[in-house]
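K.L.:
Under the working numbering, the first residue of the sequence shown is numbered 371, with each subsequent residue one higher.
C-beta atoms are modelled at their ideal positions from N, C-alpha and C, and glycine is treated no differently.
Everything numeric in this text was worked out from a predicted model, so none of it was measured.
Please find one structure pasted underneath; my questions will follow.
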Amino acid sequence: MSKHKNLLARVLTSIFLIGALLVGMFMLPQWLWGLMLILPITMVAVEYSRLFGWDQKLRVGFLLTIVGLCLVPFLLFDQFNELVSVIGMVISWAAVLFWMLLVPFLIRYRFQTKNYICNAVIGILVIVPAWFGMVGLHTYPYALLGVLVGVWLVDIAGYFIGREFGKIKLLPSVSPGKTREGVLGGFVSVCVYGLGLSLALEHVFTMAQWILFVIIVFAFTAIAVLGDLFESFLKRSSGVKDSGSILPGHGGMLDRVDSMTALLPFSFLVIQMFVS
């Protein structure tokens, strides 16, 4: 009975979250969408701060810093869209470099520190660029929806293919359930998804576009996996299974958006470069 209740809670929570996302992406103005996202960002920041066992004063300071940085574009409300775009580009580059260069080092060598400033800066690089990416991509709601579907595909395909066919562990000391076959399955699923979109839009790729497409999908999958592994690394270092329990049937907010926090800055940069 408890399993059925947990499944029901999981399904109802998913329906609510997906509905809220669709309404926000397609019906709300960009500034209100950004304001709406402050709530989940705050929840992620709270859960992140708990992983390090900070006292209340340090948690509040970190939380106010995160929220304050996300509220910066609201200071010049008439130029909100432009500020999100400009600040988003700068902070997204910093985030992409962080995810692609620093995170693999942190995970590989199991880097841990009690230094508050160091962990707070890492938290800012994880959380704030994700907010700017999500708000910035509101200008292209179908592209944002495509990115979110891609993230879910990597997670879902990786889980099921890894469970059925997984033989070689990816990084058992950090995430025992993740396999190389699962990662490959996620990569292939996003390739098929992208191909399906191109056919639906009746767009024929040139050879150069195919090469670029494969490179982007490879990077997309790699960054998604890094986001997942990094959150697993943080939880394992803190000795917890879930980052929280605020989402019935799902655990914490950080558990649901681990890959997303890594991918949103990358996706924002890629889409902005293609549009420009």
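Where does Pro-542 sit, in a helix, a strand or coil, going by DSSP?
P.N.:
Counting from 1 along the sequence shown, the entry for residue 542 is found at position 172. It is coil, neither helix nor strand.
K.L.:
What did DSSP end up calling Gly-547 once you bin it into helix, strand or coil?
P.N.:
For the purposes of this step, residue 547 is identified with residue 177 of the sequence shown, where counting begins at 1. Three-state result, Gly-547: strand.
K.L.:
Apply the 10 Å Cβ neighbour rule to Pro-635 and answer buried if 16 or more other Cβ atoms are within range, or exposed otherwise.
P.N.:
The count along the sequence shown starts at 1 and reaches residue 635 at position 265. The residue is buried, with at least 16 neighbouring Cβ atoms inside 10 Å.
K.L.:
Excluding the 5 residues preceding and the 5 following Gly-556 in the sequence, name in chain order all residues of the same chain whose CB lies nearer than 8 angstroms to its CB.
P.N.:
Numbered from 1 along the sequence shown, position 186 holds the residue referred to as residue 556. Here the set comprises Leu-523, Val-524, Asp-525, Ala-527, Gly-528, Ile-531, Thr-591, Ala-594 and Val-595.
K.L.:
Taking C-beta to C-beta, are Gly-506 and Gly-438 nearer than 8 angstroms?
P.N.:
Stepping through the sequence shown from its first residue, residue 506 is reached at position 136. Stepping through the sequence shown from its first residue, residue 438 is reached at position 68. No. Outside cutoff.
K.L.:
Cβ of Ile-436 within 8 angstroms of Cβ of Ile-494?
P.N.:
Position 66 of the sequence shown, counted from the first residue, corresponds to residue 436. Position 124 of the sequence shown, counted from the first residue, corresponds to residue 494. Yes, the pair counts as a contact, with Cβ atoms nearer than the cut-off.
K.L.:
Should Ser-462 and Leu-633 be called a contact, given that it needs their Cβ atoms to be closer than 8 angstroms?
P.N.:
Mapped onto the sequence shown, residue 462 falls at position 92. Mapped onto the sequence shown, residue 633 falls at position 263. The answer is no: Cβ separation not under 8 angstroms.
K.L.:
With a cut-off of 8 angstroms on the beta carbons, I'd call Val-414 and Val-627 a contact; round off their distance for me.
P.N.:
Within the sequence shown, numbered from 1, the residue matching residue 414 stands at position 44. Within the sequence shown, numbered from 1, the residue matching residue 627 stands at position 257. Confirmed, Cβ separation roughly 6 angstroms.
K.L.:
What do you reckon, are the CB atoms on Met-630 and Ala-500 nearer than 8 angstroms?
P.N.:
Residue 630 sits at position 260 when you count from the first residue of the sequence shown. Residue 500 sits at position 130 when you count from the first residue of the sequence shown. Cβ distance < 8 angstroms, so Met-630 and Ala-500 count as in contact.
K.L.:
Touching or not, the segment 388–396 and the segment 506–522, by the rule of three or more beta carbon pairs under 8 angstroms?
P.N.:
Yes: the two stretches touch, three or more of their Cβ pairs being nearer than 8 angstroms.
K.L.:
If you follow the alpha helix (DSSP H) that Pro-443 is in, where does it begin and where does it stop?
P.N.:
As a working mapping, residue 443 is identified with position 73 in the sequence shown. Taken as a continuous stretch (DSSP letters only), Pro-443 belongs to no alpha helix (DSSP H), as it is neither H nor E.
K.L.:
I need the straight-line Cα distance from Thr-549 to Val-645, nearest angstrom please.
P.N.:
Walking along the sequence shown from the start, residue 549 turns up at place 179. Walking along the sequence shown from the start, residue 645 turns up at place 275. Whole-angstrom Cα-Cα distance: 35 angstroms.
K.L.:
Could you check the C-alpha separation between Leu-382 and Gly-520 for me, to the nearest Å?
P.N.:
Numbered from its first residue, the sequence shown carries residue 382 at position 12. Numbered from its first residue, the sequence shown carries residue 520 at position 150. Using only the alpha carbons, I get a separation of about 22 angstroms.
K.L.:
Quick one: Cα of Val-517 to Cα of Ser-637, how far?
P.N.:
Within the sequence shown, residue 517 is the residue found at index 147, counting from 1. Within the sequence shown, residue 637 is the residue found at index 267, counting from 1. Rounded to the nearest angstrom, the two C-alpha atoms are 7 angstroms apart.
K.L.:
Entirely within the segment 485–520 and at least 3 residues each: give me those beta strand (DSSP E) ranges in chain order.
P.N.:
Within the segment 485–520, no complete beta strand (DSSP E) run reaches 3 residues.
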